[in-house]
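In order, the protein sequences belong to chains A and B.
The working numbering puts the first residue of the first sequence at 20, with every later residue one more than the last.
The working numbering puts the first residue of the second sequence at 605, with every later residue one more than the last.
Here is the structure we will look at.
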Amino acid sequence: NAGVTQTPKFRVLKTGQSMTLLCAQDMNHEYMYWYRQDPGMGLRLIHYSVGEGTTAKGEVPDGYNVSRLKKQNFLLGLESAAPSQTSVYFCASSFSGTFFNEQFFGPGTRLTVL
Amino acid sequence: AQSVAQPEDQVNVAEGNPLTVKCTYSVSGNPYLFWYVQYPNRGLQFLLKYITGDNLVKGSYGFEAEFNKSQTSFHLKKPSALVSDSALYFCAVIHASGGSYIPTFGRGTSLIVHP
């Protein structure tokens, strides 16, 4: 049982390049989330998904797109990377959106945009 | 709008002393409150939660938190701190939005336990 895994762990991009971050969970969780963590800002929700085939915007969605084609995977895409997107990205999942949904987090992806 | 405030960026405590990490919230309706811990270069780990019932909630690693509705607070506590408790602590509140439940996190408090 691997929990929540993220690929890659580190990445350096040049401004304007694109990339996709992959999140996978093996706990059969319905809800999945993408956050970014910046110093002094805590975690901010980018996008989330309440089930396969559904996605919704979070607090800071601009510049990002997501897809949830399979229940176990949640992809985060950057179409044209900007230096402001330099951050640590965390994926999380939870069993459902009701009261017992503590989240399980992946180890993070450290992204640097030059 | 829902919000969570952690008024202290850093808390320093000596090993063996009690510790408190503060959290206040603002949410319409009943709050669902959580504490998470993050060790360096790791993802967040769940510590405890308040959903309903007893205002004192016990969690992992000897931590507990007290829900105070009148003060809209959910402070994290531990009777005797360990050096290994040094980490970043996040308070979070879950709120309902169009049938979904969206988490909002505080900015985090760095706990430093001195030997």
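Glycine residues also receive a C-beta, built at the ideal position from the N, C-alpha and C atoms.
Residue(s) in a DSSP beta bridge with F678/B: Taking the first residue of the second sequence as position 1, residue 678/B is located at position 74. Beta-bridge pairing by DSSP links F678/B to F671/B.
Integer-rounded CB distance, given that V697/B should sit under 8 Å from V617/B: Locating residue 617/B in the second sequence gives position 13, where the first residue counts as 1. Locating residue 697/B in the second sequence gives position 93, where the first residue counts as 1. Actually they do not touch by this definition, with Cβ atoms about 25 Å apart.
Proximal residues of chain B, C-beta to C-beta of E98/A below 9 Å: Stepping through the first sequence from its first residue, residue 98/A is reached at position 79. Within chain B, no C-beta atom comes less than 9 Å from the C-beta of E98/A; the nearest is roughly 24 Å away.
Extent of the continuous beta strand (DSSP E) run through R55/A: As a position in the first sequence, residue 55/A is number 36, starting the count at 1. Where R55/A is concerned, the enclosing beta strand (DSSP E) stretches over 50-57.
Host beta strand (DSSP E) of F109/A (start-end): The residue given as residue 109/A occupies position 90 in the first sequence. Here the beta strand (DSSP E) through F109/A covers 106-113.
Residue-level contact to chain A via CB, L715/B, 9 Å cutoff: Working through the second sequence from its first residue, we reach residue 715/B at position 111. No, because no Cβ of chain A sits closer than 9 Å to the Cβ of L715/B.
Span separating the alpha-carbon of G702/B from that of C695/B: If you number the second sequence from 1, residue 702/B lands on position 98. If you number the second sequence from 1, residue 695/B lands on position 91. Going by the C-alpha atoms only, they are around 23 Å apart.
Listed by chain order, chain B residues near P126/A by CB distance under 9 Å: Against the first sequence, residue 126/A aligns to sequence position 107. From the beta-carbon of P126/A, the residues of chain B found nearer than 9 Å are N645, R646, G647.
N-terminal and C-terminal residue of the beta strand (DSSP E) that V641/B is part of: As a first step, residue 641/B is located in the second sequence; it is residue number 37 there, counting from the start. Unbroken beta strand (DSSP E) run through V641/B: 636-642.
The region 665-680 of chain B touching the region 21-38 of chain A, judged by at least three CB pairs closer than 8 Å: No, the region 665-680 of chain B is not in contact with the region 21-38 of chain A.
Delimiting residues of the beta strand (DSSP E) encompassing G61/A: Here residue 61/A is taken as the residue at index 42 of the first sequence, counted from 1. First-last of the beta strand (DSSP E) with G61/A: 61-70.
6 Å Cβ shell around T628/B - same chain, five flanking residues per side excluded: To locate residue 628/B, count along the second sequence from 1; it is residue 24. So the qualifying residues of the chain are A609, T676, S677.
Neighbourhood of G666/B by C-beta distance below 6 Å, restricted to the same chain and skipping five residues each side: Along the second sequence, one-based indexing puts residue 666/B at 62. The residues are K682.
7 Å Cβ cut-off: residues of chain A touching G712/B: As a first step, residue 712/B must be located in the second sequence, where it is residue number 108. When 7 Å is used as the limit between beta carbons, G712/B is near these residues of chain A: G61, in chain order.
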